[in-house]
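S.K.: So the protein sequences, as listed, match chains A and B. The first sequence runs 1 to 565 under our numbering. The second sequence runs 1001 to 1565 under our numbering. Note that the Cβ used here is the ideal one computed from N, Cα and C, for glycine as well.
There are 2 protein chains.
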Amino acid sequence: MTDIRFALAQIDTCVGDLDSNAGKIMRYVRRAAQQGAQVVVFPEMTLTGYPIEDLALRATFRKAAWNKANWLATELAADGLGDLFVVVGTVGTDRETSKPRNRLVVLHDGVVWDGYDKHFLPNYGVFDEFRIFSPGNKSMVLDVNGARIGVAICEDIWQDGGPVAELAEQHIDLLLTMNGSPYEEGKTDTRLDLAVRRAAEVNAPMVYLNQVGGQDDLVFDGGSFVVDADGTLLERSPMFMEDLSFFDLDTTAERQKAGSIAAKPDPDEEVYTACVLGLKDYMAKNHFKGVCLGLSGGIDSALVAAMAADAVGGANVYGISMPSMYSSDGSKDDAADLAKNIGAHYDIQPIEPLFVSFQKQLDLEGVAAENLQARIRGVIVMAYSNSKGLLAVATGNKSELACGYSTIYGDAVGGYAPIKDLLKTRVWEISRWRNKAAAAGMGIGGLHVVGNEQGLAGTPLPDGVMIPVNSIEKAPSAELRPGQKDSDSLPEYELLDQVLAMYIEHAHGREDLLADGFDETTVDTVMRLVDRAEWKRRQYPLGPKVTALAFGRDRRLPITNAFRE
Amino acid sequence: MTDIRFALAQIDTCVGDLDSNAGKIMRYVRRAAQQGAQVVVFPEMTLTGYPIEDLALRATFRKAAWNKANWLATELAADGLGDLFVVVGTVGTDRETSKPRNRLVVLHDGVVWDGYDKHFLPNYGVFDEFRIFSPGNKSMVLDVNGARIGVAICEDIWQDGGPVAELAEQHIDLLLTMNGSPYEEGKTDTRLDLAVRRAAEVNAPMVYLNQVGGQDDLVFDGGSFVVDADGTLLERSPMFMEDLSFFDLDTTAERQKAGSIAAKPDPDEEVYTACVLGLKDYMAKNHFKGVCLGLSGGIDSALVAAMAADAVGGANVYGISMPSMYSSDGSKDDAADLAKNIGAHYDIQPIEPLFVSFQKQLDLEGVAAENLQARIRGVIVMAYSNSKGLLAVATGNKSELACGYSTIYGDAVGGYAPIKDLLKTRVWEISRWRNKAAAAGMGIGGLHVVGNEQGLAGTPLPDGVMIPVNSIEKAPSAELRPGQKDSDSLPEYELLDQVLAMYIEHAHGREDLLADGFDETTVDTVMRLVDRAEWKRRQYPLGPKVTALAFGRDRRLPITNAFRE
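#1: Note down, in chain order, each residue of its chain lying with its Cβ closer than 6 angstroms to the Cβ of S1139(B), except the 5 sequence neighbours on either side.
#2: Under DSSP, the alpha helix (DSSP H) around I1025(B) begins and ends at which residues?
#3: Check whether the Cβ atoms of G404(A) and A417(A) lie closer than 8 angstroms to each other.
#4: Counting along the chain, where does the beta strand (DSSP E) carrying N1102(B) start and finish?
#5: Exposed or buried, what is K285(A) when buried is set at 16 or more other beta-carbons lying within 10 Å of its beta-carbon?
#6: Specify, as a first and last residue, the run of the alpha helix (DSSP H) that F1358(B) falls within.
#7: Here's the rule I'm using: 16 or more other beta-carbon atoms within 10 Å means buried, otherwise exposed. How should K388(A) be labelled?
#8: May I ask which residues mark the beginning and end of the alpha helix (DSSP H) holding Q170(A)?
#9: Three-state secondary structure (DSSP) at E1235(B)?
#10: Between V196(A) and V226(A), is the Cβ-Cβ spacing less than 8 angstroms?
#11: Do you know how far the Cα of E1400(B) is from the Cα of M1442(B)?
#12: Taking Cβ-Cβ distances shorter than 7 angstroms, what residues in chain A pair up with A1383(B)?
#13: Look at the alpha carbon of L490(A) and the alpha carbon of Q1498(B), and state the distance between them as a whole number of angstroms.
#14: May I have the straight-line CA-CA distance separating F120(A) from T97(A), to the nearest angstrom?
#15: Ignoring anything shorter than 4 residues or poking outside the segment 1421 to 1473 of chain B, list the alpha helix (DSSP H) runs there in chain order.
#16: Measure the Cβ-Cβ separation of R377(A) and D411(A) and say whether it is below 8 angstroms.
#17: Whole angstroms is fine: what's the gap from G314(A)'s alpha carbon to I261(A)'s?
#18: Figure out for me which residue from R1062(B), H1108(B) and T1525(B) has the closest Cα to the Cα of D1571(B).
#19: With a threshold of 8 angstroms between beta-carbons, can T60(A) be considered close to chain B, or not?
#20: Any beta carbon from chain B within less than 8 angstroms of D17(A)'s own beta carbon?
#21: What are the boundary residues of the beta strand (DSSP E) that Q1010(B) is part of?
#22: State the CB to CB distance for the pair A311(A) and K280(A), rounded to an integer number of angstroms; the pair is presumed to be in contact (CB under 8 angstroms).
#23: Residues of chain B with a CB under 9 angstroms from the CB of L293(A): which are they?
#24: Could you confirm whether any beta carbon from chain A is found closer than 8 angstroms to the beta carbon of V1499(B)?
#25: Only counting the same chain, and skipping five residues up and downstream in sequence, which positions put a Cβ closer than 7 angstroms to that of R1481(B)?
#26: By DSSP's criteria, P1182(B) is part of a beta bridge. Which residues make up the other side?
#27: What residues from chain A crowd round A1308(B), counting only those whose CB sits closer than 8 angstroms?
#28: Report the residue ranges of all beta strand (DSSP E) runs contained in full by the segment 1321 to 1396 of chain B; include only those spanning at least 3 residues, in chain order.
#29: Under 8 angstroms, do E169(A) and K118(A) count as touching if we go by C-beta distance?
#30: Hey, could you find the ends of the beta strand (DSSP E) D1114(B) is sitting in?
#31: Check distances from the C-beta atoms of the segment 1209 to 1224 of chain B to those of chain A and list, in chain order, the residues that come in under 8 angstroms.
#32: Is the CB of R481(A) under 8 angstroms away from at least one CB in chain B?
#33: In whole angstroms, what separates the C-alpha of V1202(B) from that of R148(A)?
#34: Just to confirm, is the Cβ distance from F1518(B) to L1390(B) under 8 angstroms?
#35: Run through the DSSP bridge pairs and tell me what R636(A) is partnered with.
#36: For Q361(A) versus Q1361(B), is the C-beta distance shorter than 8 angstroms?
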């Protein structure tokens, strides 16, 4: 019997931060070695962070990454860890074309083994890989003490053919995959189904190692796992946390032994946790210690404030109530209650005097006057951001954004919008889940996410309630004119969200939507709103391209890029 | 001798506006037929507009485009124009994969001939084609009265091999190319050099037909041309205007006869015109009749206002002077002079009372107080935009944007930023050029651009001056604190712009920049500013992805998209 111990190092990296990523790799390899691992596998593009977008095109960055990989191999050997096979992702350079490559290398015996280049380069949805990388064209089998370990990177297993099909012919003992697979509702099962198929194809167990953490507008959920050749789930790491798990491969056994299998969170918890981790990592990687946001008493800002408190603690949340002449007393009370529940700073900045000053000069009416209120609030939120060094967070939800039911440069200001991908009906569901968790004892910061590995219960909530029930249950209103209700301008959210899901996510056209059973008035209303909003949403300054390299579409640079040339 | 007359229909289309694009095609074919053309060639993706980005992925859109092409073929035949070969671009569908294709079709005899699919799909810089289209793999030779016409689409001629290499073996009489090639300084010569090479490769004359007009953040410059097999330039259409030119192919002659060759504008005129056309078309395609902007008396807002007047006339420009306690009298006078010169509306909205109201509540200091002034101005500009239905234009230049020397949600507000791709030193050069043109008699709107085909002298300028000389010559200042100068925070622009060009456009790293001869302090200052600004620039709300299709990176939708499903 040949036993090989694999360590699954599910870590959170930062794009461009070669030093910190390399340091983390070192620490995890040491821990893995202490527990007897012979192979340590890390996520896709571990050393560089992922996705690095057009940063890959800078030769200075590729050179720095190459130097750092060599430094790491040398350090590991100097530490007496040269015997281990440390499988990390990085950026390489195609010698023929000088184009970057998405590369897996093996650090062993003090040397960087020039390894395997990703074959299938996704170029859809959030992915731009074909834009920046040239595809690899050779499969690779790694010999570890006589065991044959085939490797693949992320998209390589999502497409038929290519390296996995080649490996199927090569009698491998295990398929080792490193991934940078962003979170999406329901994706845990999709990935598992896929892995089961690939394990059967190569007739060997398969390791699926995924990245964890927020990077710009993506959240990677981890949830790494191992399946046996027959599809049995042998091991699963937790979601949303860094983790080091182990898998012992017995190359002589017909079937492998199962280890520990982390439970899947329920769907509401999963989404809430993804949003919190996205915000927490966006702040950490951009060096923000606190957030500021407007608290209206409505459900959107209440949920976002709750998420912020769970991410960085209530003491680092600055809630600003900015009542106008149209704000109800109920709204002001709800905002104050929320702030008290989460232990946030709470300031009241009435906008009426400011509105009056502007109106003396501008004398606006209708929508222009409504937008003015929202923009005064935007100025106040940004003033807190600038003067206290806080991240302004925007509180818009997906239904609102889809329909353009928000004010550009007004309530839409901020560097991160935690719930921008949640439809309004989902906002209510998630809020109810968080209150249920509070009632069950989960305090502030009690979530299992990166940076909170102990799984603390969190700071207790005063009455076991987080989000005021009134914020969840009252009829939504922008409160920009007397008696205003969202339903004056929009279909009821229960209906609206269904149409939006079909129109936006399923690309249904007008005829399809009618065939889906929606009535003509609703369909035409929603389509008109969305078309108009698509256009409003992109009202941030565009400009003509004149030189070889303008800003904007010419370069896709990562945001939380820590690389310094 | 066989003579075939080609009409080069250099038109301006609108993304998604199938009706209007088809109508324009009809009008140009009629005009071409009246002048004896047998073949009429239009730009890349004529019918759909270009670039259509992810709109191509919507099946409803592809179906509508297909129906419109058929309608057009039928209408042309009904009009007695069925004998012509009308070569238009559209979106097709790959029958095997159901993916969209970038397609050239020939309308003839009342039928849409399913033609040629673009082979090379650019996926760099501003291009995303490999993301959305599947590549064609067959070359095509069209038989027109016995003459063999090879075809290619844009990138097909920029890459070696592929369809042009195939056509080189096929003894063609002419290479016909349709293009959607965005403007860039110096590209006229690059395109000509390329065409000369390809004409030699296929040993035949080559037609290069380019799109014209602004589309979102791109400007297409037209400048279509014909070169002979030996590289002689035979024909050139004007830049920045719609045009219908002709080329008579003599298939029996060794060399072709030259026609009319439009002169190239000088480099400053070219850039100025590109910026004006970009703004003019952005307004037209988004249905804006006028613009509003802050007029500070500085050169950036003066140049942008001049461009706006040239685009839509001074009467449609609303200049707003928003002096603070730090604004000099000179600045106010310069702003007023500029507005008078271009015949713009001119309002004065002092921000001091508003600033005082905010400060009573917020009591800000330092940069936060400076940003507050810029944001109050942003609120005022957007109030004009909302209440009068005007496009807010942002006045930032590339040096300023690169260094983050502007206020997000402040002076950076607006839907279009005409000079965002001009370095500050270029802003001065271009402004001087415009004044020279004014002195030489070019009034407001006197540029040769789409929608102004007559090449009018324009509305006379009162004293033959457009931009106040003082705005060009004084030391730049943001005037956000007493005595402030740009040079307090930034290196002198002459030096700064040189470093920016190497760092941003040539991707030079720190070592390269030192080797370029820049001193260490300057290099470190500029790199720090740019790194910080990259990050600031992208402070518009990002958010985590939760569902299969979020907003943001998941979808790349065109802005001026007129398609209604």
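M.R.: Walking through what the data contain:
#1: P1163, E1166 and L1167.
#2: L1018 to Q1034 is the extent of the alpha helix (DSSP H) around I1025(B).
#3: Here G404(A) is not near A417(A), since their CB atoms are 8 angstroms or more apart.
#4: First-last of the beta strand (DSSP E) with N1102(B): P1100 to H1108.
#5: Buried, since its Cβ has 16 or more Cβ neighbours within 10 Å.
#6: Counting along the chain, the alpha helix (DSSP H) containing F1358(B) begins and ends at E1352 to L1362.
#7: With fewer than 16 other Cβ atoms inside 10 Å of its own Cβ, K388(A) counts as exposed.
#8: Secondary structure note for Q170(A): it is in no alpha helix (DSSP H), with a DSSP letter that is neither H nor E.
#9: Looking at E1235(B) - three-state DSSP - the assignment turns out to be strand.
#10: No, the pair does not count as a contact, with Cβ atoms beyond the cut-off.
#11: Straight-line measurement puts the Cα of E1400(B) at about 30 angstroms from the Cα of M1442(B).
#12: Chain A residues near A1383(B): L362, L364, A368 and L372.
#13: So the alpha carbons of these two residues sit roughly 52 angstroms apart.
#14: Approximately 17 angstroms between the Cα atoms of the pair.
#15: Along the length of the segment 1421 to 1473 of chain B, whole alpha helix (DSSP H) runs at least 4 residues long occupy 1424 to 1439 and 1469 to 1473, reported in chain order.
#16: Yes; because the gap between Cβ atoms is below 8 angstroms, this pair is in contact.
#17: G314(A) and I261(A): Cα-Cα distance of roughly 33 angstroms.
#18: Past the edges of chain B, shown from 1001 to 1565, lies residue 1571(B), and the structure says nothing about it.
#19: By this cut-off, T60(A) is an interface position.
#20: The beta carbon of D17(A) does not come within 8 angstroms of any beta carbon belonging to chain B, so the residue lies off that interface.
#21: Residue range D1003 to Q1010 is occupied by the beta strand (DSSP E) that includes Q1010(B).
#22: Indeed they touch by this definition, with Cβ atoms about 4 angstroms apart.
#23: None at all; the shortest Cβ gap to chain B is about 11 angstroms.
#24: Not an interface residue.
#25: Around R1481(B): Y1326 and E1370.
#26: Residue pairing from DSSP places P1182(B) in a beta bridge opposite F1220(B).
#27: Under the 8 angstroms cutoff, chain A gives no residues; its nearest Cβ is about 13 angstroms from A1308(B).
#28: Correct list: 1345 to 1348.
#29: Taking 8 angstroms as the cut-off, the Cβ atoms of E169(A) and K118(A) do not count as close.
#30: Looking at the DSSP string, the run of the beta strand (DSSP E) that includes D1114(B) is V1111 to D1117.
#31: Using a CB distance below 8 angstroms, the part of the segment 1209 to 1224 of chain B facing chain A consists of G1214, D1216, D1217, L1218 and V1219, ordered along the chain.
#32: It does not: the Cβ of R481(A) has no partner Cβ on chain B nearer than 8 angstroms.
#33: A straight-line Cα-Cα distance of about 52 angstroms links V1202(B) and R148(A).
#34: Going by C-beta atoms, F1518(B) is not nearer than 8 angstroms to L1390(B).
#35: Nothing can be reported for residue 636(A), as the shown portion of chain A is limited to 1 through 565.
#36: No, these two residues do not count as a Cβ contact at 8 angstroms.
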